[in-house]
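All remarks here apply to the structure that follows.
There are 2 protein chains.
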Amino acid sequence: MLSPLRFEPAYAQPALPVAAASVIRYAAGEEIFAEGDRADHVYELVEGTVRTGRLLRDGRRQIDAFHFAGEAFGFEAGDLRRTTAEAVGEVTVRIVRRRALSDLAARDGEVARKLYHLTISGLQRSQDHVLMLGRRSACERVAGLLLLLADRTGEAAFDLPMSRQDMADYLGLTIETVSRTLTGFLQEGLIALPTVRHVELLDREALEALCE
Amino acid sequence: MLSPLRFEPAYAQPALPVAAASVIRYAAGEEIFAEGDRADHVYELVEGTVRTGRLLRDGRRQIDAFHFAGEAFGFEAGDLRRTTAEAVGEVTVRIVRRRALSDLAARDGEVARKLYHLTISGLQRSQDHVLMLGRRSACERVAGLLLLLADRTGEAAFDLPMSRQDMADYLGLTIETVSRTLTGFLQEGLIALPTVRHVELLDREALEALCE
DNA sequence: CGAAGGTTTGACCAACCTCAATGCTGGTGG
DNA sequence: CCACCAGCATTGAGGTTGGTCAAACCTTCG
Chain A
1 MLSPLRFEPA YAQPALPVAA ASVIRYAAGE EIFAEGDRAD HVYELVEGTV
51 RTGRLLRDGR RQIDAFHFAG EAFGFEAGDL RRTTAEAVGE VTVRIVRRRA
101 LSDLAARDGE VARKLYHLTI SGLQRSQDHV LMLGRRSACE RVAGLLLLLA
151 DRTGEAAFDL PMSRQDMADY LGLTIETVSR TLTGFLQEGL IALPTVRHVE
201 LLDREALEAL CE
Chain B
213 MLSPLRFEPA YAQPALPVAA ASVIRYAAGE EIFAEGDRAD HVYELVEGTV
263 RTGRLLRDGR RQIDAFHFAG EAFGFEAGDL RRTTAEAVGE VTVRIVRRRA
313 LSDLAARDGE VARKLYHLTI SGLQRSQDHV LMLGRRSACE RVAGLLLLLA
363 DRTGEAAFDL PMSRQDMADY LGLTIETVSR TLTGFLQEGL IALPTVRHVE
413 LLDREALEAL CE
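Residue numbers (the working numbering), protein chains in the order written: chain A, 1 to 212; chain B, 213 to 424.
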């Protein structure tokens, strides 16, 4: 459904074409940056999964995107962060100074072109997300997320990197609805759930049909 | 709530810095481009309002964004359109060859920087939209749209350029819910609705409070 | 004046949410 | 090694929001 946001395949050389960069590890759940922070760096995800999203005052949370190994994240239009990024499980990132990258882009048109392409792909992913949240049922949303995760690895069986709460906050649902929908799929034979964090797609056709 | 997506204030010179461009008018409801078309041009909206969005096979529609005078639209990552653009009322646009613009961006770093900034602003608008659709109630969504439209002109009283159906398809609601929500606001004294296409915000505070 | 298209309103319904209880799993310490 | 605990996940019952279907109500336009 959604194509991954990356310059190159994940196994290729670093996505962000800047040499001077430090590598940092974050523990599960740790905050990488928060809404309101100065946006002085951009990130390339070496290993693990990152969620970016926003929090309303009353505690409602919306996850904008999950980012996977090989993808870049943390781009902002202004000086301040509008979203929060957190590690989903253990995470390794390369950190690049935003200034260094924009200087490089100013000198090297090819870098600028890639950066442009990167953000426009992010925009298209966000538009897919809008369609999902605006016009799809709970079943369709959950099926969409499972297919998104499957396409990432190319395998029909895969580990879920995130909790039910993360899935719910990405899909605009509650944790209970996600859970009920998954057991529904299970009972219909569309998926297997050998453990709570491992999924196998048994009937990909049917899941795809749910996404139109 | 959402800052307009534009290079310059609407009254300034053309947003897209390319001279060779034709100007075209579209009648109300007319299609400017459609999902699946080749994406050979980008557009600058001279006058009127444009909606961009997607259609599911079963007829469900989701509007991604409304574009207003001074804004640019029609950027794509790939060769083909993923969204459809239609005139909301009478519309005048400048059309620029995508190729001409990318050539210019390759030569002129400042142009490239502006294009980048333009798309990243679009991404942030889309993320606001995601938050709206994922975690806000019907009241909050309608209030958000009214404030968005008010901020565009800077006036508390303004014409609604779009139909109830367009509002519903942007907000992920039905036309009936939009209508009921507006009459709710009316009865609470939050807005006046002298005609079906004209709104006055009487209690901006209260509407903003609904948006957190 | 009549027709057409958009809008509003009403009654009813379904999907999803809320709240609460129960179940599972993985880690820790006796 | 096992018992216990904490934290997620699942399940259930019942409530709410927003959707559906249908009718009435403008406006605008011929």
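For each residue, glycine too, the CB sits at the ideal point set by N, CA and C.
What does the Cβ neighbour count give for S137 (chain A), buried or exposed, with the cut at 16 atoms within 10 Å?
exposed
So, does the CB of V88 (chain A) fall closer than 8 Å to a CB anywhere in chain B?
Put simply, the CB of V88 (chain A) is far from chain B, with every gap to its CB atoms at 8 Å or more.
I need the straight-line Cα distance from L131 (chain A) to G172 (chain A), nearest angstrom please.
12 Å
Counting only Cβ-Cβ distances shorter than 8 Å, please list the residues of the segment 328-347 of chain B near chain A, keeping chain order.
Here the close residues are Y328, H329, T331, I332, S333, G334, L335, Q336, S338, Q339, H341, V342, L343, L345, G346 and R347.
When DSSP builds the beta bridges, which residues end up paired with E298 (chain B)?
B:E243 and B:R263
Using DSSP with H/G/I as helix, E/B as strand and the rest coil, what is L45 (chain A)?
Three-state DSSP puts L45 (chain A) in a strand.
How is R57 (chain A) classed by DSSP in three states: helix, strand or coil?
coil
Say whether chain A places a C-beta atom closer than 8 Å to the C-beta of E420 (chain B).
no
The alpha helix (DSSP H) with T181 (chain A) in it runs from where to where?
I175 to Q187
Rounded to whole angstroms, what is the Cα-Cα separation between L193 (chain A) and D151 (chain A)?
18 Å
On the three-pair Cβ rule with 8 Å, is the segment 47-61 of chain A touching the segment 97-110 of chain A?
Because the criterion of three Cβ pairs below 8 Å is not met, the segment 47-61 of chain A and the segment 97-110 of chain A do not touch.
Could you give the uninterrupted runs of the alpha helix (DSSP H) lying entirely in the segment 88-134 of chain A, keeping only those of 4 residues or more?
98-107
Can you tell me where the beta strand (DSSP E) with R25 (chain A) in it begins and where it stops?
S22 to Y26
For F170 (chain B), which residues does DSSP report across the bridge?
Residue 170 (chain B) is absent from the structure shown; chain B starts at 213 and stops at 424.
Looking at the unbroken beta strand (DSSP E) that takes in A157 (chain A), where does it start and where does it end?
Boundaries of the beta strand (DSSP E) around A157 (chain A): A157 to D159.
Give me the chain A residues within the contact set of L440 (chain B), using Cβ-Cβ distance strictly less than 9 Å, ordered along the chain.
No answer is possible for residue 440 (chain B): it lies beyond the span of chain B, which begins at 213 and ends at 424.
Indicate the three-state DSSP secondary structure (helix, strand or coil) for L210 (chain A) in the structure shown.
helix
Using Cβ-Cβ distances below 9 Å, what residues of the segment 286-297 of chain B are close to chain A?
F287, E288, A289, G290, R294 and T295
Can you list, in chain order, the residues of its chain whose CB lies under 6 Å from that of T84 (chain A), leaving out five sequence neighbours each side?
A34 and E35
Would F66 (chain A) pass as a contact of R51 (chain A) if the rule is Cβ separation under 8 Å?
yes
Name the residue from B:A368, B:G396, B:L357 and B:T395 whose alpha carbon lies nearest to the alpha carbon of D378 (chain B).
With distances taken between CA atoms, D378 (chain B) lies nearest to B:L357 out of B:A368, B:G396, B:L357 and B:T395.
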